[in-house]
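Just so we're aligned: 230 in numbering that gives the first Met the number 0 is position 231 of the sequence shown, and the numbers increase by one with no gaps anywhere.
Working notes for the structure below.
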Amino acid sequence: MERKNVWTTYSEKELEELEQLNSQYKEFLDRGKTERECAAVTIEMAKAAGYKDLADIIQKDKKLKAGDKVYAVCMNKTLALFMIGKKNMENGMNILGAHIDSPRLDIKQNPLFEDSEIAYLDTHYYGGIKKYQWVTIPLAIHGVVAKKNGETVDVVIGEDEKDPVVFISDLLIHLAGGQLEKKGAKLIEGEDLNIIVGNRPLEGEEKNAVTANILKLLKDKYDIEEEDFISAELEVVPAGKARDAGLDSSMVLSYGHDDRVCAFTSLAAFLSFKKVDTTACLLLADKEEIGSVGATGMQSKFFENTVAEVLDRMGVYSELTLRRTLANSRMLSSDVSAAFDPTFAASFEKKNAAYFSKGIVLNKFTGSRGKSGSNDANAEYIAELRKIFDEHKVNYQTAELGKVDEGGGGTIAYILALYGMNVIDSGVAVLNMHAPYEAVSKADVYEALKGYRAFLK
Ligand code: MN
Ligand code: MN
């Protein structure tokens, strides 16, 4: 059952492909630091590969047939791509799915305040984070401000070399005796995550002169008012680009590997096909980190509605066809796995942990405390996948999330399983998941692409 480190198995040509893929991945990470940005980059790539907007096709009352490629997007945050195959859709689709939201700090709707002539933006964190990791690092603000006049202003501050960054303070060590006695979860609390945005007063202003100056800047640069925060989605993320990591450059250190590493490799695999026999579908979902809720989360009807529209455009829609299409589908629901961390070995069970550079990870189940809440993939389905991976020389490993009863986590797999389809969690091993900077092995990025390609084939 031992899996080998795959680096030494590659030919020169494979190593070249691996580096090229990881360069593209780093660019994808840098261009897509929010779900909206990821969706936009994906649409751009899909269009370049010949994908058409399904909404357009519906509006113009055009039909779809085998060989057609379409995408559908919901609220600029979640999307589905379809490559229609020769076989009847009723026989099921091959679905790749991942999520494109990542843990971060969201700016509140009434965020701006000033204390002791320091201006702050108040935040509410999104997803599971260790709050103490987010202080004293350079942060950037990404997002949109929707104005009453219907205009949406895109905001990115802190990524350009010439841009300022923002940050959160921590108590200096000299005075931290009391703080360091606290439990880790209380070291920095949710309401301590205040983004420092300024210290320079506006001339002639007496009260709250620093926030007045910030508001003037926002007005001048973006033409937005304080009230516009009410209809804004501004996300605070670590500033800066994805970087090669390790003296041997064998890894990538970046914000947002969870789950863009699976989203990107699934997308790259998907777009590498010109045509397929079995209809292929790529799902990139939002809101996974907060339970897949909301209109753009996997629990929404967006996906089911979109499949119904596709069937309708093909002239075969009926409630029963829709149900058969979904039930007969097979899916790799991809999300990151916890990579075994030797420094914290006690939290893992070594035989059933995911390791760096040992290939794409299959998780039969996730969940916690007695597999609660997990999608327990069917053994027969896993046997099929083993066969596919072996035939296509894809290196894979199996894992679960840490020791029994040590913790747990969820993905989107169980939601698709509700249709009665075969679905399994798969993905890429990540070190320090949900930290501002997470790490992956470049070899695993490459094996994930190979795995998804083999699956679609
Ligand atoms: Mn995830
Ligand atoms: Mn996550």
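Yeah, the Cβ is synthetic: ideal placement off N, Cα and C, and Gly gets one too.
All values reported here derive from a predicted model rather than from experimental measurement.
Task: Any alpha helix (DSSP H) of 4 or more consecutive residues that is wholly inside the stretch 269-356 - done: 301-312 and 318-326
- [ ] Taking 8 Å as the cut-off, decide whether the C-beta atoms of aspartate 276 and glycine 84 are in contact.
- [x] yes
TODO: Just list the beta strand (DSSP E) runs in the stretch 138-179, keeping only unbroken ones of 3 residues or longer that don't cross its boundaries, in chain order.
DONE: 138-145 and 151-156
Open item on the list: Buried or exposed for valine 236, going by 16 or more other Cβ atoms inside 10 Å?
Closed with: buried
Open item on the list: Closer than 7 Å between the C-beta and any heavy atom of ligand 1: which residues qualify, listed along the chain?
Closed with: His98, Asp257, Asp258, Glu287, Glu288, Asp334, Val335 and Thr410
Open item on the list: DSSP three-state label for glutamate 437, please.
Closed with: strand
TODO: Kindly indicate which residue of Glu158, Pro200 and Lys147 has the alpha-carbon position closest to the one of serine 230.
DONE: Lys147
- [ ] Give me the Cα-Cα distance between alanine 352 and isoleucine 156, rounded to the nearest whole angstrom.
- [x] Spanning the two alpha carbons is a distance of roughly 38 Å.
Task: Start and end residues, alpha helix (DSSP H) containing glutamate 16 - done: 11-30
Task: DSSP state of alanine 456 mapped onto helix, strand, coil - done: First, the residue type needs correcting, since residue 456 is lysine and not alanine in the sequence shown. Reduced to three states, the DSSP call for lysine 456 is coil.
- [ ] Tell me whether the beta-carbon of valine 154 lies closer than 8 Å to the beta-carbon of valine 143.
- [x] Closer than 8 Å, so yes.
- [ ] Please list, in chain order, all residues of the same chain as tyrosine 436 whose beta carbon is under 8 Å from its beta carbon, the five residues on each side excluded.
- [x] Pro237, Leu252, Ser253 and Tyr254
TODO: Rounded to whole angstroms, what's the CA-CA distance from glycine 358 to leucine 448? Just pull it up for me.
DONE: One C-alpha to the other measures close to 10 Å.
Open item on the list: Mapping the DSSP letters down to three states, classify histidine 256 as helix, strand or coil.
Closed with: In this structure, histidine 256 counts as helix in the three-state DSSP scheme.
TODO: To the nearest angstrom, report how far apart glutamate 232 and aspartate 443 are at their CA atoms.
DONE: 33 Å
Task: proline 110 versus leucine 415 - alpha carbon distance - done: 37 Å
Open item on the list: For asparagine 193, list the residues DSSP reports as bridge partners.
Closed with: Asp121
- [ ] Ignore the nearest five residues each way along the sequence and tell me which others in arginine 323's own chain have a CB closer than 7 Å to its CB.
- [x] Correct list, in chain order: Glu89.
TODO: Just the C-alpha distance for serine 291 and glutamate 204, rounded to the nearest angstrom, thanks.
DONE: About 45 Å.
Open item on the list: Suppose you measure from the CA of phenylalanine 27 to the CA of phenylalanine 263; what does that come to, to the nearest Å?
Closed with: 7 Å
Task: glycine 369, DSSP secondary structure in three states - done: coil
- [ ] In angstroms with no decimal places, state the Cα-to-Cα distance between alanine 54 and aspartate 257.
- [x] 29 Å
- [ ] Measure from the alpha carbon of valine 72 to the alpha carbon of each residue in Asn431, Leu455, Asn304 and Thr397, then state which is nearest.
- [x] Per the Cα distances, Asn304.
Open item on the list: Using a Cβ-based criterion (distance less than 7 Å to any ligand heavy atom), does glycine 372 qualify as near ligand 2?
Closed with: Relative to ligand 2, glycine 372 has its C-beta separated by 7 Å or more from all heavy atoms.
Open item on the list: According to DSSP, is serine 230 part of a helix, a strand, or is it coil?
Closed with: Serine 230 falls in the helix class under three-state DSSP.
Open item on the list: Distance check for isoleucine 194 and lysine 107, CA to CA, integer angstroms please.
Closed with: Counting only the Cα atoms, isoleucine 194 lies some 11 Å from lysine 107.
Task: Presumed contact (8 Å Cβ cut-off) between glycine 96 and methionine 330, rounded CB distance - done: Here glycine 96 really is in contact with methionine 330; their C-beta atoms are around 6 Å apart, less than 8 Å.
Task: Reduced DSSP category for isoleucine 423 - H, G, I as helix; E, B as strand; rest coil - done: strand
Open item on the list: Between the alpha carbons of threonine 122 and phenylalanine 112, how many angstroms are there, rounded?
Closed with: Rounded to whole angstroms, the separation of the alpha carbons of phenylalanine 112 and threonine 122 is 12 Å.
Task: leucine 400 in three-state terms, based on DSSP - done: coil
- [ ] Mark glycine 127 as exposed unless 16 or more other C-beta atoms lie within 10 angstroms of its C-beta, in which case mark it buried.
- [x] exposed
TODO: Quick one: residues in its chain with C-beta nearer than 6 Å to the C-beta of tyrosine 131, no 5 flanking neighbours on either side, listed in chain order?
DONE: Only Leu186 and Ile187 meet the Cβ criterion.
Task: Helix, strand or coil at glutamate 379 according to DSSP, with G and I counted as helix - done: helix
- [ ] Along the beta strand (DSSP E) that carries isoleucine 106, what are the first and last residues, could you check?
- [x] 103-114
TODO: Pick helix, strand or coil for threonine 410, following the three-state DSSP scheme.
DONE: coil
Task: Helix, strand or coil at aspartate 52 according to DSSP, with G and I counted as helix - done: strand
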